[in-house]
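S.K.: In our numbering, the protein residues as written are 2 to 479. For glycine and all other residues, C-beta sits at the position ideal for the given N, C-alpha and C.
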Ligand SMILES: [Zn+2]
């Protein structure tokens, strides 16, 4: 049987760490990278006799994520204990949600391989993270700092058919969670990670036996693991073998999956309702109030940029690639700035200078008001585009901290020369110094004027108004 006759079916379970200040059932902090076992108390260490208290913010963030992803929010939901034994879980059960999750349904629209596709979600629920095992030469230590850090688990329907779709989904999901402000989605800190279920079958036949790949912590690892497992299963079946149910772990360094354990079913977790935490009841008004805190999401912003601001699809995508960029544009445009000019500065000088300074977009040292003032100076003809770049450079310079574009232009003498007399003098000088070019132009090579304009710009150190220079040169050479 040829490998190509098989179809791949993939479903994901994505865990996103919620960006709350404290853990889900106690007041311990959630900061990443603290010294081992310094963010632990009797509650998150699972000591007997303690009582958990649910972090309201974690519930709100889960609802926000659900609303951003088009889910139905359950007005009544409950927490359950999921039992398993592992040294990183001191309670020997994880408090999660089983049959009454906070959110049901929902979807993420993706584009992969030039095709638009809607990936349906099954549910989103809240749960707690486990601790971390640290393996060393002297043995294994356990760090409980992550124990009780709030997570949401986003479960998809088995809607994916290849690695490209998985990658596109993770990117789109990350973008929505970042815009919603519920998770910082830092994959290198484990804030976003996913489990992947994969099976293959022939068209028209029942689904195949699936394997589960655990804890993929980068988009590229998820893609590589899917490609590897898809190929492996095809080869096993092609050779007449059988797929056995297994939990796998991806080894990024070696580029392969290895078997962690052979079988795992929901009934082995002995789920039962958490008796120490009240069910979560939310009124429609409460859900609405939480939803009102959601900002405009990236897809809606891209549509608005195309349809209302007249920007290209390419520009709209780049501008929404970071919420800070999109917010900057919106702030400047709200102050009357021309959208395209702002977009050019954001995607050009601002992106370049952030890169050189090693700063993320959120740490941009100025806001939309400065960008609006800068673009207004250019639109009014008081500043050339190239001088505008110099102003942006100054806005990044510590020496100019707190200065507005107008103040920088005044202090550095960057203002564009539109004075007719001054420009005419410069144009005459350039024509005199370049007799051959002038002769070429007069002889019919009209493109030669560009060289003269360039010379005048150089002479004025970039301050001349190029449109005006062009006009004066043409008049003088006529
Ligand atoms: Zn604690």
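Could you check what DSSP says for residue 2 in three-state terms: helix, strand or coil?
M.R.: As a first step, residue 2 must be located in the chain shown, where it is residue number 1. Only weak support exists for where residue 2 lies, its pLDDT of 46 falling under 50; the coordinates are left without a value.
S.K.: Counting only the same chain and skipping the five closest in sequence on each side, list residues whose C-beta sits under 8 Å from that of residue 63.
M.R.: As a first step, residue 63 is located in the chain shown; it is residue number 62 there, counting from the start. Taken in chain order, the residues that qualify are 19, 103, 104, 125, 126, 127, 153, 183.
S.K.: Could you pull the start and end residues of the alpha helix (DSSP H) that residue 145 belongs to?
M.R.: Position 144 of the chain shown, counting from 1, holds the residue named residue 145. Residue 145 -> no alpha helix (DSSP H), and no H or E assigned at all.
S.K.: According to DSSP, is residue 261 helix, strand or coil?
M.R.: Translated into positions along the chain shown, residue 261 becomes position 260. Here residue 261 sits in strand by DSSP.
S.K.: Give me, in chain order, the residues of the same chain whose beta-carbon lies closer than 8 Å to that of residue 46; leave out the 5 immediate sequence neighbours on both sides.
M.R.: Numbered from 1 along the chain shown, position 45 holds the residue referred to as residue 46. Here the set comprises 91, 145, 148.
S.K.: As a quick exercise: from 13, 276, 201, pick the residue whose alpha carbon is nearest that of residue 52.
M.R.: Within the chain shown, the letter at position 51 stands for residue 52. For residue 52, the nearest C-alpha among the options comes from 276.
S.K.: Enumerate, from N- to C-terminal direction, the unbroken beta strand (DSSP E) stretches of 3 or more residues contained entirely within the region 234–310.
M.R.: Whole beta strand (DSSP E) segments, 3+ residues: 247–252, 257–262.
S.K.: Closest to residue 331 by C-alpha separation, out of 306, 318, 346, would be which residue?
M.R.: Start at 1 with the first residue of the chain shown, and residue 331 comes out as number 330. Answer by Cα proximity: 306.
S.K.: Buried or exposed for residue 94, going by 16 or more other Cβ atoms inside 10 Å?
M.R.: In the chain shown, the residue the question calls residue 94 occupies position 93. Burial call: buried.
S.K.: Would you check whether ligand 1 has a heavy atom nearer than 7 Å to the C-beta of residue 149?
M.R.: Numbered from its first residue, the chain shown carries residue 149 at position 148. Yes - ligand 1 has a heavy atom lying nearer than 7 Å to the Cβ of residue 149.
S.K.: What residues come near ligand 1, if near means a beta carbon less than 5 Å from any of its heavy atoms?
M.R.: In chain order, the hits are 27, 29, 42, 44, 45.
S.K.: Among the candidates 71, 42, 378, 369, whose CA atom is the shortest distance from the CA of residue 295?
M.R.: For this step, residue 295 is matched to residue 294 along the chain shown. The shortest Cα separation from residue 295 among 71, 42, 378, 369 belongs to 71.
S.K.: Using only the alpha-carbon positions, how far apart do residue 2 and residue 200 sit?
M.R.: What you label residue 2 is simply residue 1 of the chain shown in a count that begins at 1. What you label residue 200 is simply residue 199 of the chain shown in a count that begins at 1. Interpretation of residue 2 is limited by its pLDDT of 46, a score under 50 that renders its predicted location unreliable; the figure taken from the coordinates is listed afterwards. For residue 2 and residue 200, the distance between alpha carbons rounds to 17 Å.
S.K.: Could you name the residues of the same chain whose beta carbon sits closer than 6 Å to that of residue 16, not counting the 5 residues immediately before and after it, in chain order?
M.R.: As a position in the chain shown, residue 16 is number 15, starting the count at 1. Excluding residues within five positions, the ones whose Cβ falls inside 6 Å are 152, 154, 194.
S.K.: What does the Cβ neighbour count give for residue 229, buried or exposed, with the cut at 16 atoms within 10 Å?
M.R.: What you label residue 229 is simply residue 228 of the chain shown in a count that begins at 1. Buried, because 16 or more other Cβ atoms sit within 10 Å of the Cβ of residue 229.
S.K.: Residue 386 by DSSP, collapsed to three states: which one?
M.R.: Within the chain shown, residue 386 is the residue found at index 385, counting from 1. Correct three-state label for residue 386: helix.
S.K.: Could you check what DSSP says for residue 25 in three-state terms: helix, strand or coil?
M.R.: As a working mapping, residue 25 is identified with position 24 in the chain shown. Here residue 25 sits in coil by DSSP.
S.K.: When you compare each of 100, 203, 135, 96 to residue 6 by their alpha carbons, which one comes out closest?
M.R.: By 1-based counting over the chain shown, the position of residue 6 is 5. Ranking the options by Cα distance to residue 6, first place goes to 203.
S.K.: Return the chain-ordered list of same chain residues with a C-beta closer than 7 Å to the C-beta of residue 271, the five sequence neighbours on each side being excluded.
M.R.: Reading the chain shown from its first residue, position 270 is the one you call residue 271. So the list reads 84, once near-sequence residues are dropped.
S.K.: How about residue 1 and residue 25: do their beta carbons lie closer than 8 Å?
M.R.: Coverage of the chain is limited to positions 2 through 479, which leaves residue 1 absent and any answer about it impossible.
S.K.: Can you name the start and end residues of the alpha helix (DSSP H) that residue 455 belongs to?
M.R.: In the chain shown, counting from the first residue as 1, residue 455 sits at position 454. Residue 455 -> alpha helix (DSSP H) spans 450–460.
S.K.: Is the region 408–420 touching the region 453–467 in the sense that three or more CB pairs, one from each, lie closer than 8 Å?
M.R.: Yes, since at least three Cβ pairs between the region 453–467 and the region 408–420 fall closer than 8 Å, the two stretches touch.
S.K.: Based on Cα-Cα distance, which residue from 113, 278, 173 lies nearest to residue 80?
M.R.: Here residue 80 is taken as the residue at index 79 of the chain shown, counted from 1. With distances taken between Cα atoms, residue 80 lies closest to 278.
S.K.: Are residue 244 and residue 223 touching if we call contact CB-CB under 8 Å?
M.R.: What you label residue 244 is simply residue 243 of the chain shown in a count that begins at 1. What you label residue 223 is simply residue 222 of the chain shown in a count that begins at 1. No. Outside cutoff.
S.K.: Short of 6 Å in beta carbon distance, which residues of its chain neighbour residue 157, apart from the five on each side in sequence? Order them along the chain.
M.R.: In the chain shown, the residue the question calls residue 157 occupies position 156. So the list reads 12, 13, 120, 122, once near-sequence residues are dropped.
S.K.: Return helix, strand or coil for residue 94, following the three-state DSSP convention.
M.R.: Taking the first residue of the chain shown as position 1, residue 94 is located at position 93. The answer is strand: DSSP assigns residue 94 an E or B state.
S.K.: Since residue 406 and residue 371 should fall inside the 8 Å C-beta cutoff, what is the C-beta to C-beta distance between them, to a whole number of angstroms?
M.R.: Position 405 of the chain shown, counting from 1, holds the residue named residue 406. Position 370 of the chain shown, counting from 1, holds the residue named residue 371. Between residue 371 and residue 406 the Cβ distance is about 6 Å, and since that is below 8 Å, they are a contact.
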